[in-house]
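S.K.: Numbering (UniProt numbering), first residue to last: 1 to 457.
(1) Report the start-end ranges of each alpha helix (DSSP H) in the region 223–273 that is 4 residues or longer and not cut off at the edges.
(2) For residue 405, which option in 351, 421, 440, 211 has the closest C-alpha, if you only look at C-alpha atoms?
(3) Please say whether residue 212 and residue 229 have beta carbons closer to each other than 8 Å?
(4) Apart from the five residues on each side of it in sequence, which residues of its chain come closer than 7 Å, Cβ to Cβ, to residue 337?
(5) So residue 253 packs on residue 411, CB below 8 Å; how close in whole Å?
(6) Where residue 183 and residue 176 are concerned, what is the direct C-alpha to C-alpha distance, given to the nearest angstrom?
(7) Any idea what DSSP makes of residue 183, helix, strand or coil?
(8) Once the 5 residues before and after residue 8 are set aside, which same chain residues still bring their CB inside 6 Å of it?
(9) So, helix, strand or coil for residue 79, using DSSP?
(10) Residue 150: buried (16+ other C-beta within 10 angstroms of its C-beta) or exposed?
(11) Using only CA atoms, which one of 453, 118, 147, 10 lies nearest to residue 140?
(12) Shortest alpha-carbon distance to residue 275 belongs to which of 68, 232, 82?
(13) Mind checking residue 115: buried by the 16 CB within 10 Å criterion, or exposed?
(14) Which partner residues does residue 4 have in the DSSP bridge list?
(15) Assign residue 136 to one of three DSSP states: helix, strand, or coil.
(16) What does the Cβ neighbour count give for residue 126, buried or exposed, with the cut at 16 atoms within 10 Å?
(17) At what residues does the beta strand (DSSP E) containing residue 121 begin and finish?
(18) Among 47, 136, 401, which has the Cα closest to the Cα of residue 129?
(19) Per DSSP, which one or two residues make a beta bridge with residue 20?
(20) So, for residue 58: in the same chain, excluding its five sequence neighbours on each side, which residues have a beta-carbon less than 6 Å away from its beta-carbon?
(21) Hey, how far is the Cα of residue 19 from the Cα of residue 298?
(22) For residue 258, tell me which candidate among 217, 300, 295, 243 has the shortest Cα-Cα distance.
(23) Given a threshold of 16 other Cβ atoms within 10 Å of its Cβ, counted over all protein chains shown, does residue 81 qualify as buried or as exposed?
(24) Rounded to the nearest angstrom, what separates residue 272 and residue 421 at their Cα positions?
(25) Under three-state DSSP, which class holds residue 27?
(26) Just grab the DSSP bridge partners of residue 416 for me.
(27) Tell me, please, whether the region 159–179 touches the region 69–89 by the rule of three or more beta-carbon pairs shorter than 8 Å.
(28) How should residue 98 be labelled, buried or exposed, when 16 other C-beta atoms within 10 angstroms of its C-beta is the threshold for buried?
(29) Spell out whether any CB of chain C is found under 8 Å from the CB atom of residue 66.
(30) Got a sec, what are the start and stop residues for the beta strand (DSSP E) residue 32 sits in?
(31) Going straight from the alpha carbon of residue 320 to that of residue 290, what length do you get?
(32) Given residue 367, which residues of its chain have a CB within under 6 Å of its CB, disregarding the five upstream and five downstream residues?
(33) Ignoring anything shorter than 3 residues, give me the beta strand (DSSP E) runs that lie fully in the region 301–340, in order along the chain.
(34) My assumption, with CB atoms under 8 Å, is that residue 450 sits in contact with residue 235. Please give the rounded CB distance.
(35) If you follow the beta strand (DSSP E) that residue 103 is in, where does it begin and where does it stop?
(36) Could you have a look at residue 287 and say whether DSSP puts it in helix, strand or coil?
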């Protein structure tokens, strides 16, 4: 078997490769590039799961970054157990062919309790007093301790939130090199998230994102040069492209105005009670799963969605089959935004009644994805002082609320999730071995076959 690294550069698309990415531009031009048709939804968990299983969400069950757990009547995002992926993984196939094959999964998602030989993934410490501390989880467990001893603590707050920056991607890159040095895996899956942050904050504005593209380019140059110098073949891959948007759509507010949403008053603030709502949306970037607990109003809900400005596609049972989303975890209806729009999870009508988590980075409590978490509230007059005082409270052991996230969804300028029409706005796969890729455009399920072929040599 041939030693292979798959470098997953989030949000890398043909549109952003150019003057700000000189190394990648040259490396891609001398190799074989294929555009990858996006998965629906074109989001991290769904795309990665298709790549690693060769199966659509219909079979692997990953219908988004989160979904409505019907047996618990709760919306949950960013779960981590690999048991949630309902199809065999590529490394299981390869291990059956050759028991000496090993794999390292460095920060691809659903990376806990899997059959991977080596795995590292974000896993904060949630302390009894309410504090959240940076940490990670690994397989084997001692790998986490060894990596953090060598590289310092995993920089969780650089991985997501208003302080998200290159530090987390650099840590992952260095950790990947260490795992390669210590364990020499046959296949090394490496996730580099850095572009996700700036492109969602600014959209495709090269005056603002050029700096971040350069940072990713330099990181890729370091990683690719490192692995190629050892004779390891590198496959460059991305999951989706981010495009500029300007119109947030608040589906749950639309449903609430119809009297279909049930909220619960909690000390004067509101939370969404999905289990007793007649209709609600699980918003995930530019796609939303709409659950209709009252089947009698399903036609009415479908008609309302079709008439909602910014909604491009409304998938019923036939539509879900066509787009490989006919799975029990999917909504009764699945909607896709047009290219200028995206879906929020917002359900309150008065910001004074927004739940306490709305102004915080809280990916597990929010009943939907919230890219506004990347943005510090512009109404905070002295951000360093405000944030610094809250950090000080934390260090002194006091309870605190890091409520620094705005409630203005129009601040988000970039999104993904829909099916892009333009090849410039699609993910890509690049290999220096042209025999691995026999077409200029491939399906996302084909990525599995390309990786399989690469490792088999």
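Backbone N, C-alpha and C fix where the C-beta goes; we use that ideal spot for every residue, glycine too.
M.R.: Reading it off the structure:
(1) 251–257
(2) 351
(3) no
(4) 249, 286, 310, 311, 312, 343, 418
(5) At roughly 17 Å, the Cβ-Cβ gap does not stay under 8 Å, so residue 253 and residue 411 are not in contact.
(6) 10 Å
(7) helix
(8) 191, 237
(9) coil
(10) exposed
(11) 118
(12) 68
(13) exposed
(14) 187, 233
(15) strand
(16) exposed
(17) 118–122
(18) 401
(19) Answer by DSSP bridge pairing: none, since residue 20 is not bridged.
(20) 324, 326, 327
(21) 50 Å
(22) 300
(23) exposed
(24) 35 Å
(25) helix
(26) Paired residue(s): none; residue 416 is not in a bridge.
(27) no
(28) exposed
(29) The displayed structure is made up of one protein chain only, and chain C is not part of it.
(30) 32–36
(31) 12 Å
(32) 75, 272, 345
(33) 311–315, 333–337
(34) 7 Å
(35) 103–106
(36) strand
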